[in-house]
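Undergrad: Could you have a look at this structure, given as structure tokens, before my questions?
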Amino acid sequence: MTQDTLANLLSENRLSDISLEFLESIKFKPYHLETSERFEIISYVNNSPSIVKKISNSQYQVGFCKKIDLKPSKLEEDVNTLSLNNININRKSTRKYSSEPISFQEFSDFLRLFYCITGEEVLKPQGEEIVRKRRNIASGGSMYPAEIFFVNNRITDIEKGVYRYNIYTSQIEQLKVFYNEEDMQFFLKLLMYQGGGLAPYKSDFLIYVVANIQKLFISLPCKEQTTGEFYTDV
């Protein structure tokens with residue numbers, strides 16, 4: 004039994020027909036990469052002040068809520084967390100990129116540490132024993148909806164373009180090739196940048212964490228009731 008088959012067995016559809024029709028209408032298909040319509044919709048939303056305002060106004064008001072102070076940290080005194088504390092203190096974002104691109108070997112090492120298979124566990128839905136691979140990210144009992152896509156700009160030994168990381172086979176799958184600079188700039192401008200402005204793209208690669216909505220909710224048997232709903236981290 005495959006991972007997708009198991010996901011279908013454990014999944015329970017909780018969306019209305021209208022929601023399902025909407026999701027079906029906005030599905031991203033491979034042939035959409037060759038057209039601009041979907042990217043134009045994203046660009047339109049980002050460029051519409053009224054839509055952006057509605058999104059930004061859809062939030063909770065927390066100014067008058069009860070506030071509780073955290074307890075003083077004891078982690079700084081723990082030798083086991085000293086290295087982690089030093090990393091947190093010294094980390095920072097940067098826009099100063101090296102002029103020397105990274106190699107595909109270096110990127111491969113990064114992916115294996117960033118997102119990888121760490122072991123396996125045995126599940127027994129309906130009495131059938133199934134072995135599931137375990138990853139190095141948190142999961143609330145779901146089928147790991149997170150997938151990794153990346154845009155290559157300067158990684159050596161592979162073409163510029165869009166790729167998907169297959170964590171099970173330790174391979175990258177080439178979805179789109181950028182044959183020239185204009186091809187890449189067109190893709191990035193419509194997909195990424197609010198207002199249509201394109202900042203200088205100097206990084207070696209861009210990573211996207213994408214969630215499969217079909218795997219966000221599952222139902223598993225539990226003692227207290229017939230089904231127990233579990234949510235997973237994305």
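Under our numbering, residue 237 is the last one in the sequence shown; the count climbs by one each step, no gaps. Heads up, the beta-carbon is just placed ideally off N, CA and C, and yes, glycines get one too. Treat the numbers as computed from the prediction; the structure is a model and nothing was measured.
1. Apply the 10 Å Cβ neighbour rule to G130 and answer buried if 16 or more other Cβ atoms are within range, or exposed otherwise.
2. From what residue to what residue does the alpha helix (DSSP H) around E109 run?
3. Going by the beta-carbon positions, is the gap between I151 and K136 smaller than 8 Å?
4. Between which two residues does the alpha helix (DSSP H) holding N88 run?
5. Does the separation of the CB atoms of D160 and S106 fall below 8 Å?
6. Within 10 Å of its beta-carbon, does V55 have 16 or more other beta-carbons around it, so buried, or fewer, so exposed?
7. Under a Cβ-count criterion, where at least 16 other Cβ atoms within 10 Å of its own Cβ denotes burial, should I170 be classed as buried or exposed?
8. According to DSSP, is K56 part of a helix, a strand, or is it coil?
9. Note down, in chain order, each residue of its chain lying with its Cβ closer than 6 Å to the Cβ of I175, except the 5 sequence neighbours on either side.
10. Which of the three DSSP states, helix, strand or coil, is assigned to K192?
11. Quick check on DSSP: helix, strand or coil for L73?
12. Pull up the DSSP beta-bridge partners for Y47, would you.
13. In the DSSP assignment, what are the bridge partners of R98?
14. Compare the Cα-Cα distances from T172 to each of V125, L114, E124 and report the closest residue.
15. Look at the alpha carbon of N3 and the alpha carbon of K95, and state the distance between them as a whole number of angstroms.
16. Starting from the C-beta of L78, find all residues in its chain whose C-beta is less than 7 Å away, skip the five residues before and the five after it, and write them out in chain order.
17. Have a look at the DSSP bridge pairing and note the partners of F208.
18. Short check: CB of V154 to CB of F208, under 8 Å?
19. By Cβ distance, which residues of its chain are closer than 6 Å to E162, with the 5 residues on each side in sequence left out?
TA: Inspection of the coordinates gives the following:
1. exposed
2. 107-117
3. no
4. 85-93
5. yes
6. exposed
7. buried
8. helix
9. Y166, Y168
10. helix
11. coil
12. The partner list for Y47 (beta bridge, DSSP) is empty, contrary to what the question assumes.
13. R98 is not bridged to any residue.
14. L114
15. Missing from the structure shown is residue 3; the chain here goes from 4 to 237 and no further.
16. T84, N88
17. N155
18. yes
19. V180
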